[in-house]
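A.B. asks: Got a structure for you, written out below as structure tokens; questions coming shortly.
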Amino acid sequence: MRCNEVKRLLSAYFDGELPIDKSIKVKEHLKSCRSCAIELENIEKIHRLMGAFPILEVGPYFESQIIDRIEKESKRRKFSFGLKLAIGFAICGLMLFLMIFRDLPSEDINLKPTPVLNTYIQEYMETYSGHIGRNNPGLIVSVSSLGESSR
Amino acid sequence: MEEKEELLVERAKKGDVLAFSELVKRYERYVLNLVYRTLGRAEDAEDIAQETFVKAFLNIKKFKGESKFSTWLSKIAINLCMDKVREKSNREENLEEGVWLTIPQSSYYSPEETVERLEIQEKIKNAVSRLPEDLRMVFILREFEDLSYQEISEMLNIPIGTVESRLHRARMKLKSLLKDLKTIEEVTEKSEV
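Written out as structure tokens, the structure reads:
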């Protein structure tokens, strides 16, 4: 094995992740190659250095804060589910309403003057023809509604 | 007597918060330090570690027991860390401006030795923080969490060959960053002489 290849494999060799045949070849190479042996020592040194990586200690309220957060999140999810359910029902209700009422004939909704109403209007027009302008439909309507309510 | 982990997980799956808090007690230090090493910042570590447990509880029914519970927790923590790193890099914050914790030192060490040890710790932490994110994740999972290449590959969704090459590159980079640094053992030996 050449040094370049061995150096590329040293990391996996150190971790014990090389297949056994390759591991034996690397081991053999290391016996006779000082440069690769130094490289392996460097990897070992980094591993030892990492033992000094600072360690954080858990705060006194760590666990209780987690439980609080779990309870809040559960409530939020329940509320969110309830809200979605309510919106779902509202949309369904609206759709149902539209399905029921959209087929109603439009004639039933529009009001048309009845023959009785027309008679009243005619009478008023004749009586007050001198006072009310014939071309003022607003006044005619208000007069006609008066006649309707007085009946 | 300590209750078996599998039983605690089963109870937690049924919504038993007490059983889950027992699991929290067992893994809080592990998760907190995994997050701390991955982010390189103490100030975010506790929040992300707590979020890891909250997410774990809310999704515990998805844990099928195919891996160790700790590996499953690590995966959640690593994903949250990656989200945090992306969020920070979007905000263009400087990751190296970490907050240093006061780490309690044993009275066994002299003040000079304690200072020297703290300096070593700071240099190591800074060197690891300076690794690119992809190299750092692999390095931490191998070096501190002692995961196999196969486990790292599954956790990060990358081929085993990529795990191997990233680990090699991470170590080469750390070698150049820490070449003159003494190990804690060397500091201790010097003070004993």
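Protein sequences, first through last, are from chains A and B.
This note's numbering puts the first residue of the first sequence at 291, with every later residue one more than the last.
This note's numbering puts the first residue of the second sequence at 299, with every later residue one more than the last.
Just so it is clear, CB atoms sit at the ideal spot from N, CA and C, and this is done for glycine as well.
Since the structure is predicted, the reported quantities are computational estimates derived from the model, not experimental observations.
Near residue 417 of chain B, what residues of its chain come up, given a Cβ to Cβ distance below 8 Å and the 5 sequence neighbours on each side ignored?
C.D. replies: None.
A.B. asks: Between the beta-carbon of residue 442 of chain B and the beta-carbon of residue 468 of chain B, is there less than 8 Å?
C.D. replies: By the CB criterion at 8 Å, residue 442 of chain B and residue 468 of chain B fall outside the cutoff.
A.B. asks: Determine the closest residue to residue 347 of chain B out of A/348, A/291, A/339 and A/377, with distance taken between C-alpha atoms.
C.D. replies: A/348
A.B. asks: Contact criterion: CB-CB distance below 8 Å. Does residue 370 of chain A meet it with respect to chain B?
C.D. replies: no
A.B. asks: Find the nearest neighbour of residue 294 of chain A within the set A/316, A/332, A/341 and A/371, judged by alpha-carbon distance.
C.D. replies: A/316
A.B. asks: Quick check: residue 319 of chain A and residue 291 of chain A, are their CB atoms within less than 8 Å of each other?
C.D. replies: yes
A.B. asks: Can you tell me which of the three DSSP states residue 429 of chain B falls into?
C.D. replies: coil
A.B. asks: Under 8 Å between C-beta atoms, does residue 401 of chain B make it to chain A?
C.D. replies: Only weak support exists for where residue 401 of chain B lies, its pLDDT of 45 falling under 50; the coordinates are left without a value.
A.B. asks: Under a CB-based cut-off of 8 Å, is residue 340 of chain A close to chain B?
C.D. replies: yes
A.B. asks: The alpha helix (DSSP H) that contains residue 415 of chain A, what's its start and end?
C.D. replies: Segment 405 to 417, the alpha helix (DSSP H) holding residue 415 of chain A.
A.B. asks: When burial is assigned at 16 or more other CB atoms within 10 Å of the CB, is residue 453 of chain B buried or exposed?
C.D. replies: Buried is the call here.
A.B. asks: With the cut-off set at 8 Å, would you say residue 352 of chain B and residue 366 of chain A are in Cβ contact?
C.D. replies: no
A.B. asks: By the three-class DSSP mapping on this structure, what secondary structure does residue 327 of chain A have?
C.D. replies: helix
A.B. asks: Can you pull out the residues from the region 348 to 375 of chain A whose beta carbon lies closer than 7 Å to at least one beta carbon of chain B?
C.D. replies: 348, 349, 352, 353, 355, 356, 357, 359, 360 and 363
A.B. asks: Can you name the start and end residues of the alpha helix (DSSP H) that residue 233 of chain A belongs to?
C.D. replies: This structure leaves residue 233 of chain A out entirely; chain A is present only between 291 and 441.
A.B. asks: With 7 Å as the C-beta to C-beta threshold (strictly closer), list the residues of the region 349 to 372 of chain B near chain A in chain order.
C.D. replies: 351, 352, 355 and 356
A.B. asks: Just reading off the alpha helix (DSSP H) that residue 306 of chain B is part of, what are its end residues?
C.D. replies: Residue 306 of chain B -> alpha helix (DSSP H) spans 303 to 311.
A.B. asks: Assign residue 343 of chain A to one of three DSSP states: helix, strand, or coil.
C.D. replies: coil
A.B. asks: Where do the ends of the alpha helix (DSSP H) carrying residue 344 of chain B lie?
C.D. replies: 340 to 356
A.B. asks: Mapping DSSP to helix, strand and coil, what is residue 354 of chain A?
C.D. replies: helix
A.B. asks: Let me confirm a value: residue 391 of chain B is counted as buried when at least 16 other C-beta atoms fall within 10 Å, else exposed. Which label applies?
C.D. replies: Its pLDDT being 48, under 50, residue 391 of chain B is placed unreliably by the model, and nothing is read from it.
A.B. asks: Can you tell me which of the three DSSP states residue 296 of chain A falls into?
C.D. replies: Residue 296 of chain A carries a helical assignment under DSSP once its states are collapsed to helix, strand and coil.
A.B. asks: Taking C-beta to C-beta, are residue 311 of chain B and residue 358 of chain B nearer than 8 Å?
C.D. replies: yes
A.B. asks: Tell me whether residue 383 of chain A sits in a helix, a strand or coil according to DSSP, three-state version.
C.D. replies: helix
A.B. asks: What is the DSSP secondary structure of residue 363 of chain B, counted as helix, strand or coil?
C.D. replies: coil
A.B. asks: Name, please, each residue of chain B whose Cβ falls closer than 8 Å to the Cβ of residue 337 of chain A.
C.D. replies: 441
A.B. asks: Would you identify the three-state DSSP class for residue 306 of chain A, choosing helix, strand or coil?
C.D. replies: coil
A.B. asks: Compare the C-beta of residue 295 of chain A against all C-beta atoms of chain B and say whether one is closer than 8 Å.
C.D. replies: no
A.B. asks: Please list, in chain order, the residues of the region 298 to 328 of chain A that have any C-beta partner in chain B closer than 7 Å.
C.D. replies: Hits within the stretch, in order: 298, 301, 302, 305 and 307.
A.B. asks: Does residue 443 of chain B come out as helix, strand or coil in the three-state DSSP assignment?
C.D. replies: coil
A.B. asks: Under 8 Å between C-beta atoms, does residue 346 of chain A make it to chain B?
C.D. replies: Taking Cβ atoms only, chain B reaches closer than 8 Å to residue 346 of chain A, which makes this a yes.
A.B. asks: Can you list the residues of chain A that residue 377 of chain B reaches, using a CB-CB cut of under 9 Å?
C.D. replies: The premise fails here: residue 377 of chain B is roughly 17 Å from chain A at the closest Cβ pair, so nothing lies under 9 Å.
A.B. asks: Please list, in chain order, all residues of the same chain as residue 326 of chain B whose beta carbon is under 8 Å from its beta carbon, the five residues on each side excluded.
C.D. replies: Closer than 8 Å at Cβ, skipping near neighbours: 347 and 351.
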